[in-house]
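The structure appears below as structure tokens.
Number of protein chains: 2
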Amino acid sequence: MKQSVSLITLGVSDYEKANAFYAALGWQPVLEIEETAFFQANGVVLVLWAREKLAADSGIADGGARWGGITLAYNCRSPEEVDAVIEEARAAGAEIPRSGAKTFWGGYSGVFVDPDGHPWEVAHNPHWTIGPDGSVSLG
Amino acid sequence: MKQSVSLITLGVSDYEKANAFYAALGWQPVLEIEETAFFQANGVVLVLWAREKLAADSGIADGGARWGGITLAYNCRSPEEVDAVIEEARAAGAEIPRSGAKTFWGGYSGVFVDPDGHPWEVAHNPHWTIGPDGSVSLG
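Residue numbers (the working numbering), protein chains in the order written: chain A, 2 to 140; chain B, 2 to 140.
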């Protein structure tokens, strides 16, 4: 296995609502097939798909929990950009469990949660460089 | 917000065990800080971190569910490579809820689940091209 992640699929309960939420954040699917939206990101592809289909496809007995221990992060080039993305998400209907604030690791971050309970940390790490496509390169 | 994902953080209950599992699959952290492992992948960075810290940091009340509706995918260049990765994961101690088999969408895939319940679909999609770094490009 190589160190790569091809797709991140977010299970959704209401496909139209989830799609509208990500559209409000500026995400446009490159491909939509039978209520499956594929968003080309930085190498990795983000997918929205019915949660019950994803559970069945993953061989998972789904207890319906909103969180199973995975958080995504979106890194920004400044604290101001963190605040702007958090406000964009709030306006799109996201819950904001944590507004932008200084972090213990010397950066600045906040968190929004999408309509299906999937959290995104929005962060500025002054020690990291972000490439043109938004990728963080640590190597 | 741009269409990008900077980090995927997988909450883990036993840091050493999780690290050993990913090491057995060939993943080597580029950075380790206080029981936080950062793996450089294809643009996106995969992170292993204590689940209780991730929950607190995400502003989440954690019910302890193994799955919250997110599945990762690792795309391969052939069905044979899918089988090889599934067997590599099985040997590393993963649960295999679904062995490699033909899929409804015309490809071939199986699923392994890491020690903390995070599922990875391992897939070959004959219609998609995979770049040198493992990225799927749909655009």
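Just so you know, even glycine gets a beta-carbon here, dropped at the ideal spot from N, CA and C.
Would you check if the distance between the CB atom of residue i and the CB atom of residue j is smaller than 9 Å?
{"i": "L47 (chain B)", "j": "Q4 (chain A)", "result": "yes"}
{"i": "A56 (chain B)", "j": "G12 (chain B)", "result": "yes"}
{"i": "M2 (chain B)", "j": "L26 (chain A)", "result": "yes"}
{"i": "G22 (chain A)", "j": "G111 (chain A)", "result": "Looking at the sequence itself, residue 22 (chain A) is Phe, so the reference to Gly does not match. Not closer than 9 Å, so no."}
{"i": "H125 (chain A)", "j": "P80 (chain A)", "result": "yes"}
{"i": "I9 (chain B)", "j": "V45 (chain B)", "result": "yes"}
{"i": "V123 (chain A)", "j": "E96 (chain A)", "result": "no"}
{"i": "N20 (chain B)", "j": "S136 (chain B)", "result": "no"}
{"i": "I71 (chain B)", "j": "I71 (chain A)", "result": "yes"}
Quick one: is residue i buried, meaning 16 or more other Cβ sit within 10 Å of its Cβ, or exposed?
{"i": "S7 (chain B)", "result": "buried"}
{"i": "F39 (chain A)", "result": "buried"}
{"i": "L73 (chain B)", "result": "buried"}
{"i": "R52 (chain B)", "result": "buried"}
{"i": "I34 (chain B)", "result": "exposed"}
{"i": "P120 (chain A)", "result": "buried"}
{"i": "W28 (chain B)", "result": "buried"}
{"i": "S138 (chain B)", "result": "exposed"}
{"i": "K24 (chain A)", "result": "The sequence given here places Ala at residue 24 (chain A); Lys does not occur at that position. The residue in question, A24 (chain A), is exposed, as its Cβ has fewer than 16 Cβ neighbours within 10 Å."}
{"i": "A92 (chain A)", "result": "exposed"}
{"i": "D58 (chain A)", "result": "buried"}
Hey, residue i and residue j are a contact pair by Cβ (cut 8 Å); roughly how many whole angstroms apart?
{"i": "G101 (chain A)", "j": "A66 (chain B)", "result": "About 28 Å separates the two Cβ atoms, so there is no contact after all."}
{"i": "G116 (chain B)", "j": "I61 (chain A)", "result": "Note that residue 116 (chain B) is Pro in the sequence shown, not Gly. With a Cβ gap of about 15 Å, P116 (chain B) and I61 (chain A) do not count as contacting."}
{"i": "Y109 (chain B)", "j": "V83 (chain B)", "result": "6 Å"}
Is the shortest distance between the beta-carbon of residue i and the beta-carbons of chain E less than 9 Å?
{"i": "K103 (chain A)", "result": "The structure shown contains no chain E; its protein chains are A and B."}
Name the chain A residues whose beta carbon is nearer than 8 Å to that of residue i?
{"i": "D63 (chain B)", "result": "W68, G70"}
{"i": "S1 (chain B)", "result": "A query on residue 1 (chain B) cannot be resolved here, the shown segment of chain B reaching from 2 to 140 and no further."}
{"i": "P98 (chain B)", "result": "S59, G60, I61"}
{"i": "E89 (chain B)", "result": "M2"}
Give the interface partners of residue i over in chain B, defined as CB-CB distance under 8 Å, in chain order.
{"i": "N20 (chain A)", "result": "Under the 8 Å cutoff, chain B gives no residues; its nearest Cβ is about 14 Å from N20 (chain A)."}
{"i": "R78 (chain A)", "result": "Chain B residues near R78 (chain A): none, gap ~10 Å exceeds 8 Å."}
{"i": "G27 (chain A)", "result": "M2, K3, Q4"}
{"i": "G12 (chain A)", "result": "G70, I71, T72"}
{"i": "D117 (chain A)", "result": "G70"}
Would you mind telling me which residues of chain A sit closer than 7 Å to residue i, beta carbon to beta carbon, in chain order?
{"i": "N120 (chain B)", "result": "Checking the sequence shown, residue 120 (chain B) turns out to be Pro, not Asn. Those within 7 Å of P120 (chain B) in chain A are S59, I61."}
Check the Cβ of residue i against every Cβ in chain B and list those closer than 9 Å, keeping chain order.
{"i": "I9 (chain A)", "result": "V6, I9, V45, I71, T72, L73, A74"}
{"i": "E33 (chain A)", "result": "Going along chain B, no residue has its Cβ under 9 Å from E33 (chain A), so there is no contact; the nearest lies around 11 Å."}
Within 8 Å: the Cβ of residue i and any heavy atom of the ligand HEM?
{"i": "V48 (chain A)", "result": "In the structure shown, the ligand HEM is absent, as is every other ligand, since no ligand is present at all."}
Show which residues of chain A have a CB atom less than 9 Å away from the CB atom of residue i.
{"i": "V83 (chain B)", "result": "The premise fails here: V83 (chain B) is roughly 11 Å from chain A at the closest Cβ pair, so nothing lies under 9 Å."}
{"i": "L49 (chain B)", "result": "Within 9 Å Cβ-Cβ: nothing; L49 (chain B) doesn't reach chain A, min ~11 Å."}
For a contact meaning CB atoms closer than 7 Å, what does residue i contact in chain B?
{"i": "R52 (chain A)", "result": "G70"}
What alpha helix (DSSP H) runs, 4 residues minimum, are completely inside the stretch 57–108 of chain A? 80–92
Alpha helix (DSSP H) runs contained entirely in the stretch 13–52 of chain A, provided each spans 4 or more residues: 16–25
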